[in-house]
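*Asks:* Attaching a single structure in structure tokens format; questions to follow.
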Amino acid sequence: MNIPFKVLNISIILAAMLSGCQPEMPVTSSIIIDLDGFSVPVNKNLYGVTIEEINHAIDGGVYAEMIQNRSFEDGVPPLNCPYDAKRNVLSTPNGWTIPFIRPDSTPGWRKISSNTSIWPDNKELINDKNKRSLLVSVAASSETGRGGVVATGYNGLSIREGEKYELSLYLKGGSMIPKKVRIFLGDSVAETPLSETFDVSPIYEWRKYKHTFTASESTNNAVLAITADTSIVFWMDMVSLFPQKTWKDRPNGLRPDLMEMISSLNPQFVRFPGGSFVEGYTAGTYPVWHETIGDISTRRNFWNIWAYGSTNGMGYHEYLQMCEDLEAEPLYVINSGVTSQSRRPRYEDITAMNKLVQDALDAIAYANQPADSTFGAMRARNGHPEPFDLKYIEIGSENYGQEYSKRFDLFKKAINEAYPEITVIKSSFISGKNRNEWTDYHFYSGEDFLIANHDRYETGQYLRRFPAVFIGEFSMGDVSLQGTLRAAIGEACFLLGVESSPEVVKHLAYAPVLGNVNYDFQRYPAISFNNNSAIGSPSYYMMKMFSDNRGDDLLKTEIETYSRPQVTFGYAGIELFDNSYDFEDVRIDGKPVTDAIVRTGGWKVNNGTLTPDANRWNYILMGDSTAHDYTFSMRVRRNKGSGQIQLRVRDNGKEGEANDHIAVSIAPGTCEFYRSAGAVKDTLRSPEPYSFESNRWYDVKVVCKDEAVSCYVDDKLVHEVVLPPLPSLVSVATLEKETNTIILKVVNTTQHEEKTELNIKGASVKNDAEILQLTGEPLVRNTFDNPTRIVPVSKNITFSLGGPMVYSFPPNSITIMKMKVD
2 MNIPFKVLNI SIILAAMLSG CQPEMPVTSS IIIDLDGFSV PVNKNLYGVT
52 IEEINHAIDG GVYAEMIQNR SFEDGVPPLN CPYDAKRNVL STPNGWTIPF
102 IRPDSTPGWR KISSNTSIWP DNKELINDKN KRSLLVSVAA SSETGRGGVV
152 ATGYNGLSIR EGEKYELSLY LKGGSMIPKK VRIFLGDSVA ETPLSETFDV
202 SPIYEWRKYK HTFTASESTN NAVLAITADT SIVFWMDMVS LFPQKTWKDR
252 PNGLRPDLME MISSLNPQFV RFPGGSFVEG YTAGTYPVWH ETIGDISTRR
302 NFWNIWAYGS TNGMGYHEYL QMCEDLEAEP LYVINSGVTS QSRRPRYEDI
352 TAMNKLVQDA LDAIAYANQP ADSTFGAMRA RNGHPEPFDL KYIEIGSENY
402 GQEYSKRFDL FKKAINEAYP EITVIKSSFI SGKNRNEWTD YHFYSGEDFL
452 IANHDRYETG QYLRRFPAVF IGEFSMGDVS LQGTLRAAIG EACFLLGVES
502 SPEVVKHLAY APVLGNVNYD FQRYPAISFN NNSAIGSPSY YMMKMFSDNR
552 GDDLLKTEIE TYSRPQVTFG YAGIELFDNS YDFEDVRIDG KPVTDAIVRT
602 GGWKVNNGTL TPDANRWNYI LMGDSTAHDY TFSMRVRRNK GSGQIQLRVR
652 DNGKEGEAND HIAVSIAPGT CEFYRSAGAV KDTLRSPEPY SFESNRWYDV
702 KVVCKDEAVS CYVDDKLVHE VVLPPLPSLV SVATLEKETN TIILKVVNTT
752 QHEEKTELNI KGASVKNDAE ILQLTGEPLV RNTFDNPTRI VPVSKNITFS
802 LGGPMVYSFP PNSITIMKMK VD
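Okay, structure coming up:
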């Protein structure tokens, strides 16, 4: 439709008049930065990463080896772990099961024609460390044509035209008369060579062969073909293919693009090699340093805790070298003599701990002693005469309890006597002792928990008499939010609180850092990759923003902003670890419970009475999934044993790893009140001593009213807590001395713009500022098709003259504002 010119002008004028009549949005928050106030140095060593073999982060990831299952060990079950063929699982001696593959499987390999037979052989071995080789039999003729096998790598080999690739492998012929084997890089069906051909004639004994291929084309789906045109039988083992270009050009090196992304995070330390990977699940399923160094053909392979094979090609030496190349402190984690305690653990006999303790001392010696010492000479033979200067060692990961404590003490005493300069870190808080060791806490939790705990370590919240905090693993725990902008928002709030408490939190490591998208993620990573490219999540960019903008001095900062209450809701529930309790008169708001949802096991609910049908179960949910305020009550009697019981309220509708509930735990001698959010069990009040006698009935009641939750036993108030609110803005400010610049970090947790007045006391600042901002739709993730949907954007702004400094922080945003002191 054509609009007359005069009418158009009038409409513009009217629109302008109407907009001028609209009231200006008021200031809703304020941030006061006091340059004259007390300041403390920033913890420059705060941020680091945990690099762990999880999500195929190492084998099939940052370790540049292109061949999967290169020594054909992936089907070898660990000692004393029988294989159940019907379920494809292993069973540990303690009865925990883990997914496995058929023992005759050869993942990463396939035969190219029907005239070829392949199977793992446990008799023809290149050394006593390797348990299997691959026997290949080709029955080639003029009718059947060529045969052989191909290595497909980790979902294809990614090669680039003109680039070089280093092959090494062991071959043994099956007859006294050598026959020719043709080896080349080929297309996905091994029909078209994509490199020159390397011809060998394996003799009747093991021999190592090497060749450098040059790729003639680029593809992400190549294979390594090992073929024959005549009938032949041969064995092969330790088939390795490396790109000639690795990060820092190291032999047995690392993938450049992934390492550049890690390097861009500027980590001040690297915690390695895990994590649960270090715990293992039975003997022989966790790394021991001296089994992971030297010739790759002699390194220990095992089926790891994440249910795939580990070559340990990236071993202790390579991790130390990586830390040096990153200019980051190495932080080495060793097995404590206790395997994963969430997987029916194995405890090393306390009288046999000397070997593990000595292994720890030897590992430190390998890293730190001079080249003319025994272990220093071993390190020099592996290519690094100078010491690595290891300063930190952690005993175990997520281990806890009395048995762990006894083993930790053995490590601590021996290491401190031999190497008093080493910081020995424990993997859980050890109560009842005046300890000053660093304690490792892991935070995989939900959004509300991370936001509400932004002030967790401020004075008054964290008692300074507690041990120094080391956060060895940290990221969003809610699976539905992982990888989104909202994950980065929640994480950023928690991190700003950590930055505000430099004297409490010594180190914090993001985890997991890496994940191969061709395999199921155990946890969502900061960097997702396939065999040829990688993308960063919003959390990756948030971590980079924070690590790049640290400042020198922490400034006194006050923030006034609206805080909204945490809205928690959901079922009431009961969880038992054995059937050692009786229940009766179970009620919600005074009404008997007549129905329930049983998640596992078999229990019946009949007019407020719970009756077990099975010997063991997990938990029962009762009531209204949308309820906010209610009273959950019952009579409880322990009829045998000393097992604990948990009474839950407000589960927020989340289960599994995303679980979120408030619980009262009644255990022998204590009554504990806590919130479980993701993988974090967070004590809300100090446990109260309470003697629960067996065969006596107790009246227990949990009352939820608004944001207050209270626990009563026999009508006596034992615990009460008010859930902390969720602030609209969270911020921290530092001063960069060299440039005299204020660095203000602000997170807007809301879905709306937050108009904020900035008040600088003790100095004047220039009228303009630099902005670096991460914002966008809250549930968006970066993808390979669109890797930059959520990335930081920089701009410059100018404040209005003659009035207060005001800036509107966008919804769902993380902002770094740099203001020059005038």
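Note that this note's numbering numbers the sequence shown so that position 695 is 696, with each residue one more than the last.
Where a beta carbon is used, it is the ideal one built from N, C-alpha and C, also for glycine.
1. Have a look at Asn531, Gln523 and Phe547 and flag the residue whose alpha-carbon is nearest the alpha-carbon of Val499.
2. What span of residues does the alpha helix (DSSP H) with Ser692 cover, start to end?
3. Under DSSP, the alpha helix (DSSP H) around Ser265 begins and ends at which residues?
4. Measure the C-alpha to C-alpha separation of Asn70 and Leu509 and round it to an integer number of angstroms.
5. Nearest-angstrom Cα distance between Thr340 and Ile102?
6. Bridge partners of Val731, per DSSP?
7. Quick one: give me the first and last residue of the beta strand (DSSP E) that Asn355 is part of.
8. With DSSP as the reference, label Leu195 as helix, strand or coil.
9. When DSSP labels each residue in this structure, what does Tyr320 get in the three-state scheme?
10. Going by Cα to Cα distance, which pick from Pro593, Gly763, Leu332 and Pro793 is closest to Ile33?
11. First and last residue of the alpha helix (DSSP H) that includes Gln403?
12. Going by C-alpha distance, which of Glu758, Val714 and Thr107 is nearest Tyr309?
13. Helix, strand or coil: which one does DSSP assign to Asn659?
14. Distance, Cα to Cα, Arg170 vs Ser241?
15. Can you give the beta carbon distance from Ala659 to Val480, rounded, assuming they're within the 8 Å contact cut?
16. Out of Leu186, Ser801 and Trp207, which has the shortest C-alpha to C-alpha gap to Ser217?
17. Check the C-beta distance from Ser732 over to Val747 and give it rounded, since I have them as a contact under 8 Å.
18. I'd like to know whether the C-beta atoms of Tyr442 and Gln342 end up nearer to each other than 9 Å.
19. Report the partner residues of Phe273 according to the DSSP bridge assignment.
20. Can you have a look at Asn355 and say buried or exposed, based on whether 16 or more other CB atoms are within 10 angstroms of its CB?
21. How long is the line joining the alpha carbons of Ala668 and Gly644, rounded to whole angstroms?
22. DSSP beta-bridge partners for Arg639?
23. Give the straight-line distance between the Cα atoms of Asn128 and Glu422, rounded to the nearest whole angstrom.
24. Go through its chain and collect everything with a Cβ distance to Lys706's Cβ below 6 Å, but skip five positions before and after it.
25. Please list, in chain order, all residues of the same chain as Ile815 whose beta carbon is under 6 Å from its beta carbon, the five residues on each side excluded.
26. Which one of Glu576, Asp700 and Pro257 has the shortest CA to CA distance from Arg588?
27. Considering just the uninterrupted stretch of the alpha helix (DSSP H) at Tyr541, what are its terminal residues?
28. Which class does Arg133 belong to by DSSP, given the choice of helix, strand or coil?
29. Could you name the residues of the same chain whose beta carbon sits closer than 6 Å to that of Leu577, not counting the 5 residues immediately before and after it, in chain order?
30. In whole angstroms, give me the CA-to-CA distance for Asn221 and Ser92.
31. Grab me the residues of Pro812's own chain with a C-beta within less than 7 Å of its C-beta, minus the 5 sequence neighbours each way, in chain order.
32. Where does the unbroken alpha helix (DSSP H) through Val499 begin, and where does it stop?
33. Closer than 6 Å by C-beta to Gln824: which residues in its own chain qualify, once you throw out the five before and the five after it? Chain order, please.
34. Quick one: grab the DSSP three-state call for Phe278.
35. Let me know the secondary structure DSSP gives Ile772 once reduced to three states.
36. Within a Cβ cutoff of 6 Å, which residues of the same chain sit near Pro346, ignoring the five residues on either side of it in sequence?
*Replies:* According to the structure data:
1. The sequence position of residue 499 within the sequence shown is 498, counting from 1. It is Phe547 whose Cα lies nearest to the Cα of Val499.
2. The sequence position of residue 692 within the sequence shown is 691, counting from 1. Where Ser692 is concerned, there is no enclosing alpha helix (DSSP H), given that its DSSP letter is neither H nor E.
3. By one-based count along the sequence shown, residue 265 stands at place 264. Here the alpha helix (DSSP H) through Ser265 covers Pro257 to Ser265.
4. Looking up residue 70 in the sequence shown gives position 69. Looking up residue 509 in the sequence shown gives position 508. Each residue's Cα considered, the two are about 34 Å apart.
5. Locating residue 340 in the sequence shown gives position 339, where the first residue counts as 1. Locating residue 102 in the sequence shown gives position 101, where the first residue counts as 1. Roughly 22 Å separates the two Cα atoms.
6. Position 730 of the sequence shown, counting from 1, holds the residue named residue 731. For Val731, which the question treats as bridged, DSSP gives the partners Val748.
7. Position 354 of the sequence shown, counted from the start, is the residue given in the question as residue 355. It is not in any beta strand (DSSP E) - Asn355 instead sits in the alpha helix (DSSP H) that spans Asn355 to Asn369.
8. On the sequence shown, position 194 is the one that residue 195 refers to. Leu195: coil per DSSP, three-state reduction.
9. For the purposes of this step, residue 320 is taken as the residue at position 319 of the sequence shown. Residue state, collapsed to three classes: helix.
10. Counting from 1 along the sequence shown, the entry for residue 33 is found at position 32. Here the closest residue by C-alpha is Gly763.
11. Counting from one through the sequence shown, the residue named residue 403 turns up at place 402. Counting along the chain, the alpha helix (DSSP H) containing Gln403 begins and ends at Gly402 to Ala419.
12. Sequence index remark: in the sequence shown, residue 309 carries index 308 (1-based). Taking only the C-alpha atoms, the option nearest Tyr309 is Thr107.
13. If you number the sequence shown from 1, residue 659 lands on position 658. The sequence shown places Ala at residue 659, not Asn. Correct three-state label for Ala659: helix.
14. As a working note, residue 170 is residue 169 in the sequence shown. As a working note, residue 241 is residue 240 in the sequence shown. One point to set straight first is that residue 170 is Leu, not Arg, in the sequence displayed. Those two C-alpha atoms are separated by around 6 Å.
15. Sequence index remark: in the sequence shown, residue 659 carries index 658 (1-based). Sequence index remark: in the sequence shown, residue 480 carries index 479 (1-based). Confirmed, about 5 Å.
16. By 1-based counting over the sequence shown, the position of residue 217 is 216. Nearest of Leu186, Ser801 and Trp207 to Ser217, Cα basis: Leu186.
17. For this step, residue 732 is matched to residue 731 along the sequence shown. For this step, residue 747 is matched to residue 746 along the sequence shown. With a Cβ gap of about 4 Å, Ser732 and Val747 count as contacting.
18. What you label residue 442 is simply residue 441 of the sequence shown in a count that begins at 1. What you label residue 342 is simply residue 341 of the sequence shown in a count that begins at 1. No, the pair does not count as a contact, with Cβ atoms beyond the cut-off.
19. For the purposes of this step, residue 273 is taken as the residue at position 272 of the sequence shown. According to DSSP, Phe273 bridges with Tyr333.
20. In the sequence shown, residue 355 corresponds to position 354, counting from 1. Exposed is the call here.
21. Taking the sequence shown and counting its residues from 1, one reaches residue 668 at position 667. Taking the sequence shown and counting its residues from 1, one reaches residue 644 at position 643. Their backbone Cα atoms lie some 7 Å apart in a straight line.
22. Working through the sequence shown from its first residue, we reach residue 639 at position 638. Partner(s): Tyr582 and Ser695.
23. In the sequence shown, counting from the first residue as 1, residue 128 sits at position 127. In the sequence shown, counting from the first residue as 1, residue 422 sits at position 421. Whole-angstrom Cα-Cα distance: 39 Å.
24. Within the sequence shown, numbered from 1, the residue matching residue 706 stands at position 705. The residues are Asp630.
25. For the purposes of this step, residue 815 is taken as the residue at position 814 of the sequence shown. Here the set comprises Ala493, Met543, Val748 and Leu775.
26. To locate residue 588, count along the sequence shown from 1; it is residue 587. If we check each option's Cα against that of Arg588, Asp700 comes out closest.
27. Taking the sequence shown and counting its residues from 1, one reaches residue 541 at position 540. Pro539 to Asp549 is the span of the alpha helix (DSSP H), which, as asked, contains Tyr541.
28. Working through the sequence shown from its first residue, we reach residue 133 at position 132. Reduced to three states, the DSSP call for Arg133 is coil.
29. Within the sequence shown, residue 577 is the residue found at index 576, counting from 1. So the qualifying residues of the chain are Ile646.
30. Looking up residue 221 in the sequence shown gives position 220. Looking up residue 92 in the sequence shown gives position 91. One C-alpha to the other measures close to 37 Å.
31. Locating residue 812 in the sequence shown gives position 811, counting from the first residue. The answer, listed in chain order, is Asn749, Thr751, Gln752, His753 and Glu754.
32. As a position in the sequence shown, residue 499 is number 498, starting the count at 1. Counting along the chain, the alpha helix (DSSP H) containing Val499 begins and ends at Leu486 to Glu500.
33. Look at the range of the chain in this structure, 2 to 823, and you will see that residue 824 is not part of it.
34. Translated into positions along the sequence shown, residue 278 becomes position 277. If DSSP states are grouped into helix, strand and coil, Phe278 belongs with the helices.
35. Walking along the sequence shown from the start, residue 772 turns up at place 771. Strand, per DSSP.
36. In the sequence shown, counting from the first residue as 1, residue 346 sits at position 345. Excluding residues within five positions, the ones whose Cβ falls inside 6 Å are Val339 and Thr340.
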